[in-house]
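Inspection log for the structure reproduced underneath, given as C-alpha cells.
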Amino acid sequence: MIGLKYNAWDKITIPVYQEICDIAKSGEGDDIFNNREIDILAVLCDSDRESLGNLLLTDYAKLAHDAQFLRKIPFYLPKDVINLGGVNYRVVVDMSKFTLAQYTEYNALRADVSTNISQIVACLLIPTTAKGYADGYDVGEVVKIIEAELPYYKAYGILHFFQKAQSLSLASTLRLEAKKMARMARMAETKAERERMRQEAQQLRKASIYLGRCLLSR
397 MIGLKYNAWD KITIPVYQEI CDIAKSGEGD DIFNNREIDI LAVLCDSDRE
447 SLGNLLLTDY AKLAHDAQFL RKIPFYLPKD VINLGGVNYR VVVDMSKFTL
497 AQYTEYNALR ADVSTNISQI VACLLIPTTA KGYADGYDVG EVVKIIEAEL
547 PYYKAYGILH FFQKAQSLSL ASTLRLEAKK MARMARMAET KAERERMRQE
597 AQQLRKASIY LGRCLLSR
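Numbers 397 to 614, taken from this note's numbering, label the letters of the sequence shown in order.
Written out as C-alpha cells, the structure reads:
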C-alpha cells in the first residue's frame, strides 16, 4: 500500500519543497491540475505517477486528503542557536554584523531566492565554533547539512524573520534621520532652507510610520 513518506511539514526538506514548487509551476492543457496533483502526490509518496495510477480511487482520494497539510505552512520563530546534524549554529539576523564576504554572497544569492534558499540560509547560520562567516569551515558543507536536516518551514521562518529584522532596522534609521533633519531645520539660516528641511523630516517620519504599520500587519 502506497502512503505519504512526507506526511508533515517537519519532513519536507528544502529540496523536496522545491521539487513540489517546480511541479506546481509547470504543465499545460486541460488536465493540468490533475497532472500536477498526481505528480506532487508522487513526490510526497516518494513514488511515481505510474504506481499511483494503479491505486483504487478510494486509496488515491485518501492520499489527496492526507496531503492537505501542505495548504498551511506552520509558523516558526527561530532561536538564537539552532542545531542541525549535531552541530550548533548561530542564527545571524543583524546585517550590521555581516562580514563583507557574507554580505556580498547574500546579495548575489537573493536575486533568485526561490532556487537559492539553502545557500541564503547558509549565509545566516554560522557554526558556534567559528568566529565568522566561512572562517574555518566549509560553507558548501553547511549547505548540504541544511538541505538534509532543515525542514523548509523552518528555513522560511528564518528568512522571514531576517527580512523583518532588516525592515525594523530601516524603520528605526528613518526615525533617527527624521529627528536629525528636524534639528537641522531649527538651525537653518534661511526660511526657505528651514521649510525644505522641515518637509524632508516630515516625509522621513511618514515613511517610518508606514513601514512600521506594514510590519505590524504581517
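Cβ atoms here follow ideal geometry from the backbone N, Cα and C, with glycine treated the same way. Note that the coordinates shown come from a computational prediction; the quantities given were computed from them, not determined experimentally.
With C-beta atoms as the reference, is residue i less than 7 Å away from residue j?
{"i": "valine 489", "j": "phenylalanine 557", "result": "yes"}
{"i": "tyrosine 472", "j": "glycine 528", "result": "no"}
{"i": "alanine 526", "j": "valine 539", "result": "no"}
{"i": "methionine 583", "j": "methionine 593", "result": "no"}
{"i": "leucine 521", "j": "tyrosine 485", "result": "yes"}
{"i": "tyrosine 402", "j": "isoleucine 410", "result": "no"}
{"i": "serine 514", "j": "isoleucine 478", "result": "no"}
{"i": "valine 487", "j": "proline 474", "result": "yes"}
Tell me which residues share the same chain as residue i and place their Cβ nearer than 8 Å to its Cβ, disregarding the 5 neighbours each side in the sequence.
{"i": "alanine 460", "result": "Glu433, Leu437"}
{"i": "leucine 448", "result": "Ile398, Ile434, Leu437, Ala438, Cys441, Tyr456, Leu459"}
{"i": "cysteine 417", "result": "Ser510"}
{"i": "arginine 616", "result": "The shown model of the chain, from 397 to 614, leaves out residue 616, and the question about it has no answer."}
Work out the CA separation of residue j and residue i for me, nearest whole Å.
{"i": "lysine 421", "j": "asparagine 431", "result": "12 Å"}
{"i": "glycine 425", "j": "isoleucine 419", "result": "With a pLDDT of 48 at glycine 425, under the threshold of 50, the modelled position of this residue cannot be trusted; read the value that follows with caution. Cα-Cα distance, rounded: 14 Å."}
{"i": "alanine 544", "j": "glutamine 498", "result": "22 Å"}
{"i": "threonine 495", "j": "leucine 546", "result": "24 Å"}
{"i": "aspartate 476", "j": "leucine 452", "result": "48 Å"}
{"i": "glutamine 599", "j": "alanine 463", "result": "48 Å"}
{"i": "aspartate 534", "j": "glycine 481", "result": "15 Å"}
{"i": "leucine 607", "j": "glutamine 559", "result": "The predicted position of leucine 607 is uncertain, since its pLDDT is 48 and thus under 50; no value can be drawn from it."}
{"i": "leucine 466", "j": "valine 412", "result": "12 Å"}
{"i": "threonine 364", "j": "asparagine 450", "result": "Lying before the first or after the last residue shown, residue 364 is absent from the chain, which here runs from 397 to 614."}
{"i": "threonine 454", "j": "leucine 555", "result": "39 Å"}
{"i": "lysine 493", "j": "glutamate 501", "result": "14 Å"}
Cutting at 6 Å between CB atoms, please list the residues of its own chain near residue i, excluding the five before and the five after it.
{"i": "glutamate 585", "result": "none"}
{"i": "glycine 532", "result": "Ala526"}
{"i": "isoleucine 516", "result": "Leu505"}
{"i": "arginine 614", "result": "Because arginine 614 carries a pLDDT of 49, less than 50, the predicted location of this residue cannot be relied on, and no value is offered for it."}
{"i": "alanine 588", "result": "none"}
Between which residues of its own chain and residue i is the CB-CB distance below 7 Å, once the five residues before and five after are set aside?
{"i": "alanine 530", "result": "Ala497"}
{"i": "lysine 576", "result": "none"}
{"i": "glutamate 415", "result": "Val439"}
{"i": "leucine 400", "result": "Leu440, Cys441, Leu459, Asp462, Ala463"}
Along the chain, which unbroken stretches of the beta strand (DSSP E) at least 3 residues long are found entirely within the region 497 to 557? Within the region 497 to 557, the runs of beta strand (DSSP E) that reach at least 3 residues and sit entirely inside it are, in chain order, 521 to 523.
Any chance the region 497 to 506 sits against the region 468 to 487, with 3 or more Cβ pairs inside 8 Å? Counting Cβ pairs under 8 Å, fewer than three are found: no touch.
Let me know the beta strand (DSSP E) ranges lying completely inside the region 441 to 490, each 3 residues or longer, listed in chain order. Those beta strand (DSSP E) runs which fall completely within the region 441 to 490 and span 3+ residues are 477 to 480, 483 to 487.
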